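Have a look at the structure below before the remarks.
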Amino acid sequence: MPLNFNRLPGNILVLLFHVENCWVHIQVARPDSTLLWSCLVQGVQKTAEAL
């Protein structure tokens, strides 16, 4: 399946936005590397789905 490069910049913004939200949430809650990791994985999955 070829990547749609026209949509890539938007998807990167979506990923960064998701990661930023995760980071804020983790700072409010408590620093937890496993939580951050699962959040990053979720962001990547959402970005992959958008492609």
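Each residue of the sequence shown is one higher than the one before, starting from 1316 at the first, in our numbering.
For every residue, glycine included, the Cβ atom is placed at its ideal position computed from N, Cα and C.
These numbers were taken from a predicted model, which means no experiment stands behind them.
(message) Tell me the rounded alpha-carbon separation between Met1316 and Leu1350.
(response) Model confidence at Met1316 stands at a pLDDT of 45, short of 50, so the residue's coordinates are unreliable and nothing is read from them.
(message) Report the CB separation of Val1359 from Leu1330 in whole angstroms; it is logged as a contact under 8 Å.
(response) 7 Å
(request) State the Cα-Cα distance for the pair Glu1364 and Asn1326, rounded to the nearest angstrom. (result) 9 Å
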